[in-house]
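Read through the structure below, which is laid out as structure tokens, and then see the notes.
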Amino acid sequence: MLFSTPRPYVARQFRALISHASRYSTSPYNNILVSTPAPGVTLVTLNRPKSLNALSTPLILDLNAALKEADTDPTVSAIVITGSEKAFAAGADIKEMQHKSFADVYEKSFIKNWGEATNIKKPILAAVNGYALGGGCELALMADVIYAGEKAVFGQPEIKLGVIPGAGGTQRLTRLIGKSRAMELILTGKTFTAKQALEWGLVSAVFSPEQLVDEAVKTAGTIAGNGRLAVQAAKEAVNYGLQVGLEQGLLYERRLFHSLFATEDQKEGMAAFIEKRAAKFKGK
283 MLFSTPRPYV
293 ARQFRALISH
303 ASRYSTSPYN
313 NILVSTPAPG
323 VTLVTLNRPK
333 SLNALSTPLI
343 LDLNAALKEA
353 DTDPTVSAIV
363 ITGSEKAFAA
373 GADIKEMQHK
383 SFADVYEKSF
393 IKNWGEATNI
403 KKPILAAVNG
413 YALGGGCELA
423 LMADVIYAGE
433 KAVFGQPEIK
443 LGVIPGAGGT
453 QRLTRLIGKS
463 RAMELILTGK
473 TFTAKQALEW
483 GLVSAVFSPE
493 QLVDEAVKTA
503 GTIAGNGRLA
513 VQAAKEAVNY
523 GLQVGLEQGL
533 LYERRLFHSL
543 FATEDQKEGM
553 AAFIEKRAAK
563 FKGK
């Protein structure tokens, strides 16, 4: 679920990034910018600065479309999602939700499509600066790898609005940091810092705001240099294992491992290792 604190702001450190993304945008979206900062890497920048990147329905539709486009693009191997220095995404546009009735949200399965990021086969990295509250935090939790800026602030404050997280906050946060800690955060609406997120294992690394996106793109580029089929299989194995018992997870992992021996990339990767050269993967 989502929470926002609308306030006009465009971080100085991100103007160059937004300018780059706008200049090299590959699709006509209104609420996001899409660019290619490195070979094989798609960068999606949430772009509603006046509302701290509040996750309105139009923005979510743009984001879902861009992610699906990248997922089906054979030249793309990894995706980075970011916002501005002030806010990754501060939550939803509360004005859009305020007057909805039970019938409105139930019959139309409101926010059901906000979890589309979890259906993307290619790895997604979230580069989180500033506020990642409510749905913004939930969006970050949908990523495969989370990097945070030093001033990032996470939280699920929906309880203060008379609702609960509805886009995975009660489920993913609990699985990642444990029941007691997640329950405290969800029931109180407290926020937590990037340092705490790192200590709890929620994020992989913390960088200065100026370095954050570059580091995320660098990691995405490293991933893009690996065999695409193996990368996708690894992501699938890890995510499947989180939903089942260990034995079932191990069986699934082994089947995926076996299946990769039917690919050209496996032959190329092992030949390159033996011949002491860089592998030239083709995604076949």
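For what it's worth, our numbering labels the leading residue of the sequence shown as 283, then goes sequentially. The beta carbon of each residue, even a glycine, is placed where N, CA and C say it ideally should be.
The Cβ atoms of residue 320 and residue 499 lie closer than 8 Å to each other. Under DSSP, residue 413 shares a beta bridge with 369 and 435. When 551, 449 and 557 are compared, the shortest CA-CA separation from residue 415 is found for 449.
Contact between residue 516 and residue 323 is ruled out by a C-beta separation of about 17 Å, above the 8 Å threshold.
Rounded to the nearest whole angstrom, the C-alpha separation of residue 427 and residue 408 is 6 Å. Only residues of its own chain outside the window of five on either side were considered, and among them 538 have a CB closer than 7 Å to the CB of residue 518, listed in chain order.
Here residue 335 is buried: its Cβ has 16 or more other Cβ atoms, across all protein chains shown, within 10 Å.
In this chain, the alpha helix (DSSP H) harbouring residue 520 covers 510-523. When secondary structure is reduced to three states using DSSP, residue 429 falls in the strand class. The alpha-carbon separation between residue 356 and residue 444 amounts to approximately 44 Å.
542 is the residue among 542, 555 and 404 whose C-alpha sits nearest the C-alpha of residue 566.
Only exposed fits residue 544, as fewer than 16 other CB atoms lie within 10 angstroms of its CB.
Shortest Cα-Cα distance from residue 483 to any of 459, 496 and 473 involves 459. Taking the CA atoms as reference points, residue 440 sits about 35 Å from residue 513. The Cβ atoms of residue 563 and residue 508 lie closer than 8 Å to each other. Here DSSP, grouped into helix, strand and coil, assigns residue 334 to coil. Residue 405 carries a coil assignment under DSSP once its states are collapsed to helix, strand and coil.
Residue 339 and residue 434 have their C-alpha atoms roughly 24 Å apart.
With respect to the C-alpha of residue 442, the residue from 456, 465 and 469 having the closest C-alpha is 469.
For the beta strand (DSSP E) assignment, the uninterrupted runs of no fewer than 3 residues enclosed by the stretch 435-482 are, from N- to C-terminal side, 435-437 and 473-475.
The alpha-carbon separation between residue 403 and residue 397 amounts to approximately 13 Å.
Per DSSP, residue 501 is one residue of the alpha helix (DSSP H) stretching across 491-506. Take residue 359, set aside five residues on each side of it, and the residues of its chain with a beta-carbon closer than 6 Å to its own are 322, 506 and 510, in chain order.
Put simply, of 350, 431, 552 and 557 the residue whose alpha carbon is nearest the alpha carbon of residue 475 is 431. Counting the other Cβ atoms within 10 Å of the Cβ of residue 536 gives fewer than 16, which makes it exposed.
The continuous alpha helix (DSSP H) containing residue 354 extends over residues 339-354. The beta carbons of residue 411 and residue 451 sit no closer together than 8 Å. Bounds of any alpha helix (DSSP H) do not take in residue 542, whose DSSP letter is neither H nor E.
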